[in-house]
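Enquirer:
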Ligand SMILES: [Zn+2]
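Residue numbers (this note's numbering): 113 to 505.
Spelled out as structure tokens, the structure:
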């Protein structure tokens, strides 16, 4: 017997391919029922399903899609920095905020002073909040420790945190710590890769790590079979995104300053371009990635919240909305970027689509037309969420 049938689905919208690259790879099924057993989609029927089922729910003619995936977060840290916002609004530069005891070093201090339990509980709460906004899986990065040894502690906490949704861990080279030379820092971070995070990542940018330093760390990760990600071209273009031609990166993220020729290379590769419009909003910048090139060259566009003390957003629906209004993604592009392509960017094979054999991680929306996914903004548009075949809400 089938475990669960979702009846009266107005429209299913999903990608035909994993990852999704272009318009004609989108499939729409109208008037359908979805059959789920053991957490997997086992049938998609036109009209009503005659199968026997333990439970049936009525989608009331609404839109059903895959649940959302958050391809980029810094969810593990302690404290908050809301007081910096009014300083930023008064035109006070980041250097001055640092001098006044704010900025990243204050987050590092708060994180160092928090117990493992405090950090784990705050992470679990954030993951739950993300889930309430439709997220079925998220990446969580380290990056707020005072030395490489403590980065390992953060990785252990990420791996040990119990969450209803799926998570992937990333060991991030974020900022060179005070009182340790860069070479020693990188060597010790390479040693930490023995703890096998799902991914290695570097904040490659002006005043962070150079492309050469990033390559050194990522090569060491690659040798261990660890997936590679890269923060690239957020503040300045210093050659970081060029690494897409050198290493097989799973993702390159931010891309606000990426030159068109490099964007073309990214689009032609199997590397996902992770777009983070919440960050552009909180940076109060008008910069945006070159979406035109990504679209024309059929690149893999993915989305992430980039939740951090600087950009307090755990909501992938908001991220989709901003991808439309700030970056110019169509509602369907935003959906593909936040489902199948974000799942791909996280290394979840076979996730993010509504197909027989895929995990039943689904959203029943309050809307009927896909255009409303980003046309309507500022409200929770999800009626019901199903994770591994279980109705969460
Ligand atoms: Zn980031």
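Glycine included, every Cβ here is placed at the ideal spot set by N, Cα and C.
Ends of the beta strand (DSSP E) at residue 182?
Expert: 180-182 is the extent of the beta strand (DSSP E) around residue 182.
Enquirer: Give a yes or no on whether the C-beta atoms belonging to residue 120 and residue 171 are separated by under 7 Å.
Expert: Yes. Within cutoff.
Enquirer: Assuming residue 364 and residue 385 make a contact with CB atoms under 8 Å, what is their CB distance in whole Å?
Expert: About 6 Å separates the two Cβ atoms, so the contact holds.
Enquirer: To which residues of the same chain is residue 155 closer than 6 Å at the C-beta, ignoring the five residues directly before and after it?
Expert: For residue 155, where only same-chain residues beyond five positions count, the Cβ hits under 6 Å are 147.
Enquirer: List the DSSP bridge partners of residue 316.
Expert: Its beta-bridge partners are 321, 344.
Enquirer: Within 10 angstroms of its Cβ, does residue 301 collect 16 or more other Cβ (buried), or is it exposed?
Expert: Residue 301 is buried by the Cβ-count criterion.
Enquirer: I want to know whether the stretch 284-303 touches the stretch 253-264 - three or more CB-CB distances under 8 Å.
Expert: Judged by Cβ distances under 8 Å, the stretch 284-303 makes contact with the stretch 253-264, as three or more pairs qualify.
Enquirer: Cα-Cα, which of 169, 486, 400 is closest to residue 503?
Expert: The option with the nearest alpha carbon to residue 503 is 169.
Enquirer: With H, G and I counted as helix, E and B as strand and the rest as coil, what does DSSP make of residue 399?
Expert: Here residue 399 sits in coil by DSSP.
Enquirer: Taking one C-beta from the stretch 190-209 and one from the stretch 245-253 each time, how about it: are there three or more such pairs within less than 8 Å?
Expert: No: the two stretches stay apart, fewer than three of their Cβ pairs being nearer than 8 Å.
Enquirer: Once DSSP output is grouped into helix, strand and coil, what is the label at residue 357?
Expert: Looking at residue 357 - three-state DSSP - the assignment turns out to be helix.
Enquirer: What are the boundary residues of the beta strand (DSSP E) that residue 468 is part of?
Expert: It is not in any beta strand (DSSP E) - residue 468 carries neither H nor E in the DSSP assignment.
Enquirer: Can you list the residues near ligand 1, meaning Cβ strictly closer than 6 Å to any non-hydrogen atom, in the order they appear in the chain?
Expert: Taken from the N-terminal end onward, the list reads 184, 186, 343, 418.
Enquirer: In this structure, how does DSSP classify residue 432 when only helix, strand and coil are distinguished?
Expert: Note: residue 432 maps to helix in three-state DSSP.
Enquirer: For the structure I just gave you, are there three or more beta carbon pairs, one from the stretch 373-385 and one from the stretch 344-359, closer than 8 Å?
Expert: Taking 8 Å as the limit for Cβ pairs, the verdict is that the stretch 344-359 does touch the stretch 373-385.
Enquirer: For ligand 2, any of its heavy atoms closer than 6 Å to the Cβ of residue 249?
Expert: Only ligand 1 can be found as ligands here, which leaves ligand 2 out of the picture.
Enquirer: For the candidate residues 437, 403, 161, 191, whose alpha-carbon lies nearest to that of residue 227?
Expert: Nearest of 437, 403, 161, 191 to residue 227, Cα basis: 191.
Enquirer: Report the CB separation of residue 450 from residue 432 in whole angstroms; it is logged as a contact under 8 Å.
Expert: About 5 Å; that satisfies the 8 Å criterion.
Enquirer: Take the Cβ of residue 164 as the centre, count every other Cβ of all protein chains shown within 10 Å, and call the residue buried at 16 or more, exposed below.
Expert: Classification for residue 164: exposed.
Enquirer: What's the C-alpha gap between residue 328 and residue 344?
Expert: Approximately 15 Å between the Cα atoms of the pair.
Enquirer: Are the CB atoms of residue 253 and residue 284 nearer to each other than 7 Å?
Expert: Yes; because the gap between Cβ atoms is below 7 Å, this pair is in contact.
Enquirer: For residue 286, which residues in the same chain have their Cβ closer than 6 Å to its Cβ, ignoring the five residues on either side in sequence?
Expert: Here the set comprises 255, 315.
Enquirer: Under 7 Å, do residue 341 and residue 313 count as touching if we go by C-beta distance?
Expert: Yes, Cβ-Cβ distance for residue 341 and residue 313 is below 7 Å.
Enquirer: With a cut-off of 8 Å, do at least 3 Cβ pairs link the stretch 395-406 to the stretch 427-442?
Expert: Enough Cβ pairs lie closer than 8 Å, so yes.
Enquirer: Can at least three beta-carbon pairs, one atom from the stretch 133-150 and one from the stretch 183-200, be found at a separation below 8 Å?
Expert: The answer is no - the stretch 183-200 does not touch the stretch 133-150, with fewer than three Cβ pairs under 8 Å.
Enquirer: Leaving out the 5 sequence neighbours to the left and right, which residues in its chain are closer than 7 Å to residue 326 when beta-carbon positions are compared?
Expert: These residues qualify, in order along the chain: 314, 316, 342, 352, 355.
Enquirer: With which residues is residue 419 paired in a DSSP beta bridge?
Expert: In the DSSP output, where bridge partners are listed per residue, residue 419 has 185.
Enquirer: Which ranges would you report for the alpha helix (DSSP H) in the stretch 230-273 if only whole runs of at least 4 residues count?
Expert: Entirely contained in the stretch 230-273, the alpha helix (DSSP H) runs reaching 4 residues are, in chain order, 260-272.
Enquirer: Suppose the cutoff is 8 Å on Cβ atoms and the five residues either side in sequence are ignored; what does the same chain contact list for residue 219 look like?
Expert: If we look at residue 219 and ignore the five residues flanking it on each side, its Cβ neighbours are 189, 190, 191, 193, 256, 421.
Enquirer: In whole angstroms, give me the CA-to-CA distance for residue 242 and residue 426.
Expert: Each residue's Cα considered, the two are about 5 Å apart.
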